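Just so you know, the numbering used here puts 726 at position 271 of the sequence shown, and the rest follows in order with no gaps.
For each residue, glycine too, the CB sits at the ideal point set by N, CA and C.
This one's a predicted model, so the numbers in the text were calculated from it and none came from an experiment.
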Amino acid sequence: MTKTEEIKRRRTFAIISHPDAGKTTITEKILYLGNIIREAGEVHGKAGKKAATSDWMTMERERGVSITSSVMQFEYRGFRVNLLDTPGHKDFGEDTYRTLIAADSAAMLIDAGKGVEERTRKLFEVCHLRSIPIYTFANKMDREGKEPLELIDDVENTLGLHCYPVTWPIGMGDRFKGLYHRLDKKLYLYTKGEEDPVVHDVTGYNDPKIKELVNYDELYDKFYEDIELLEGALMPWDQEAFMSGKLTPMTFGSAKFTWGVDIFLDLYAKYSPEPMPRKANIGEVDPHADFFSGFVFKIQANMDKRHRDRVAFLRVCSGEFQRGMKVQHQRLGRELRLAYANTFMARDRETVDQAFAGDIVGIIDTGNFQIGDTITDGKKLTYDEMPRFSPECFARLAIKDPLKRKQMQKAVGQLSEEGAVQIFIDPRVGEQDPVIGVVGELQFDVLLYRLNEEYNLDVKLERLPLSVARWPRYKEDAPGQKAGLPPESIKGGGILYQDSKEQPVVLLAKEWDLQWLLKENPNLEFSFTGN
């Protein structure tokens, strides 16, 4: 294939969901349908149960939750798919946020019994900031839950996202019979214990054949009533609205039984975007440009404990990557040779000799990379900086052996570069006693676990009464000041700390304190993200 053809067949998406919506299960089923794994196993976190393919860290296997973002690549219907599996647990939002920056589209998984939940709303907002296309899969139709029309209203009213149902369920829970495919005009009938559905061609939702096949008057009458109402109210499919993140194709099913997962995957293959242009300091960069470029969106240390390695995950944004190529590290201003590069299936890695725009490549990192770094084959450009999101939990670290303090500082610095934690320095104290910030409580457990397991450090946490971080900047209309620049001081309380990039950030005890700061500093805005 030509380079243009290779780029056009790349597809890169992430799955977003609230914890326990079934994300790990649907990921396994997608990999199963993509012929990557022979058996789709579910994670239960109990003795004797194997871990899911995407959950590779020891602590993930023990707890049964996804803690780090995994990268999985497979072929499907002629497309090269890069699936970015993101942590669904509420305490791992920041890693998820960064991974969404590397995706061209997202699949939003919702529990049909609960609708749109808090975590889903937050992740949707990150997608919405970039206006990327979003697919919606209403999962757990094998259980009793909300009515399909109620789910549509929930998505539209909560997220402001218009829904276009591609399939429509017939029944739910123990009475779930199957799905009607509105676009293909097919009826899919499912039976528990049987992997493949029985598929029937029909002339439309009002084909008498459907009633005969369903063979359950009450279910059919409900299906017909709902879909007739739906057909009369829906506008035609709008590809432009979908591509701009304003319209979501919606499908139903059960990842547990693989019901509807194949329909979702086929829909994704049909409508998903090829690699999209990326914003940089020179303007938008075309993925088909004649030069190679990419940015680091994730760094993972100790993926292979035998080698104590670090891997920088690179989103290829333009051109062609070749193993062994010489690249220009834009931040450091120096040339590097990328001799070791891999593609991944969770922790399993395979040497990659070639990759194209849209692909995710893991580069062995000896300490050169930070999250957000841009590399090119010589072209001078820098991709938009990776945002840092406000932590909600804060602490200081205390080490039992004072002689290992420098070792602890180095380890925390490495984990900060990886993006596992954020470091805030009180300028009155200096670097000796930094404040550690994380998105959620469980992330502290991961921090202590990794410091102990990977760095052999015995450390304890001293919690701080803080819950809000905001980056102050001058507003557009601030008199005598340049918009976007940080102030030297603020009024109304709050200590100005410095983040890892020496940008001022204010740490507060609660949201109410932020409202007071806004009142006392009318020329400032306090951003949820730092650059």
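Subject >> Cβ-heavy atom distance, Ile565 to the ligand MG, below 7 Å >> reply: This structure simply doesn't include the ligand MG, nor any ligand for that matter.
Original post:
In three-state terms, what does DSSP make of Ser871?
Top reply: Ser871: helix per DSSP, three-state reduction.
Subject >> For Tyr531 and Ala724, the rounded distance between their alpha carbons >> reply: Whole-angstrom Cα-Cα distance: 8 Å.
Original post:
Where does Ile815 land, buried or exposed, given buried means 16+ other C-beta within 10 angstroms?
Top reply: Label assigned to Ile815: buried.
Subject >> Close beta carbons around Leu674, own chain, < 8 Å, minus the five adjacent residues each side >> reply: The residues are Ile625, Gly626, Arg630, Lys632.
Subject >> Cut-off 7 Å between Cβ atoms - residues of its own chain near Lys484, not counting five sequence neighbours on either side >> reply: So the qualifying residues of the chain are Ala495, Ala710, Thr713, Val716.
Original post:
Roughly how many whole angstroms lie between the Cα atoms of Tyr619 and Gly687?
Top reply: Rounded to the nearest angstrom, the two C-alpha atoms are 13 Å apart.
Original post:
Quick one, which of Gln755, Gly985, Glu667 has its alpha-carbon nearest Pro927's?
Top reply: With distances taken between CA atoms, Pro927 lies nearest to Gly985 out of Gln755, Gly985, Glu667.
Subject >> Contact under 8 Å by Cβ, Arg792 with Lys781 >> reply: At a Cβ-Cβ threshold of 8 Å, Arg792 and Lys781 count as neighbours.
Original post:
Any idea what DSSP makes of Trp971, helix, strand or coil?
Top reply: Three-state DSSP puts Trp971 in a helix.
Subject >> Per DSSP, cross-strand counterpart(s) of Arg733 >> reply: Arg733 is bridged to Val740.
**OP:** Give me the Cα-Cα distance between Val653 and Ile754, rounded to the nearest whole angstrom.
**Re:** Their backbone Cα atoms lie some 45 Å apart in a straight line.
Subject >> Opening and closing residue of the beta strand (DSSP E) in which Gln825 lies >> reply: Looking at the DSSP string, Gln825 is not in any beta strand (DSSP E), and its letter there is neither H nor E.
Subject >> Same chain only: Cβ atoms within 6 Å of Leu962, ignoring 5 sequence neighbours per side >> reply: Residues of the same chain with a CB within less than 6 Å of the CB of Leu962, apart from the 5 flanking positions on each side, are Leu921, Ala924, Tyr952 in chain order.
Subject >> Limits of the alpha helix (DSSP H) - the one that Met780 falls within >> reply: Going by DSSP, Met780 is part of no alpha helix (DSSP H) at all; its letter is neither H nor E.
Original post:
Out of Val894, Leu940, Ser955, Glu957, which has the shortest C-alpha to C-alpha gap to Phe988?
Top reply: Because the chain here runs from 456 to 986, residue 988 falls outside it and cannot be looked at.
**OP:** Would you kindly check if the distance between the Cβ of Gly874 and the Cβ of Asp656 is under 8 Å?
**Re:** No, they are not a contact pair.
**OP:** Provide the residue(s) that pair with Met596 in DSSP beta bridges, ordered along the chain.
**Re:** Answer is none; Met596 lacks a bridge partner.
**OP:** Evaluate the contact criterion for the region 655-671 versus the region 695-704: three or more CB pairs, one atom per stretch, below 8 Å.
**Re:** The region 655-671, when compared against the region 695-704, does not touch it at the 8 Å Cβ threshold.
Original post:
Taking DSSP as the reference, what is the three-state secondary structure of Thr806?
Top reply: Of the three classes helix, strand and coil, the one that applies to Thr806 here is strand, per DSSP.
Subject >> Integer Cβ distance of Phe468 from Ser727, believed to fall under 8 Å >> reply: Phe468 to Ser727, Cβ: 7 Å. Contact.
Original post:
Between Asn594 and Gly813, is the Cβ-Cβ spacing less than 8 Å?
Top reply: Contact flag unset, no.
**OP:** Tell me where the beta strand (DSSP E) around Pro663 begins and ends.
**Re:** Where Pro663 is concerned, there is no enclosing beta strand (DSSP E), although the alpha helix (DSSP H) it sits in stretches over 663-669.
Original post:
Do Gln877 and Asp954 come within 8 Å of each other at the CB atom, strictly closer than that value?
Top reply: A contact, by the Cβ cut-off of 8 Å.
Subject >> Asp681 to Leu604 span [Cα, whole Å] >> reply: Between Asp681 and Leu604, the C-alpha separation is close to 8 Å.
Original post:
Just how far apart, CA to CA, sit Thr523 and Ala933?
Top reply: Its pLDDT being 47, under 50, Thr523 is placed unreliably by the model, and the measurement read from it follows with that caveat. Rounded to whole angstroms, Thr523 and Ala933 show a C-alpha spacing of 40 Å.
**OP:** Identify whether Thr658 lies in helix, strand or coil by the three-state DSSP scheme.
**Re:** In the structure shown, Thr658 sits in coil (DSSP, three-state: anything other than H, G, I, E or B).
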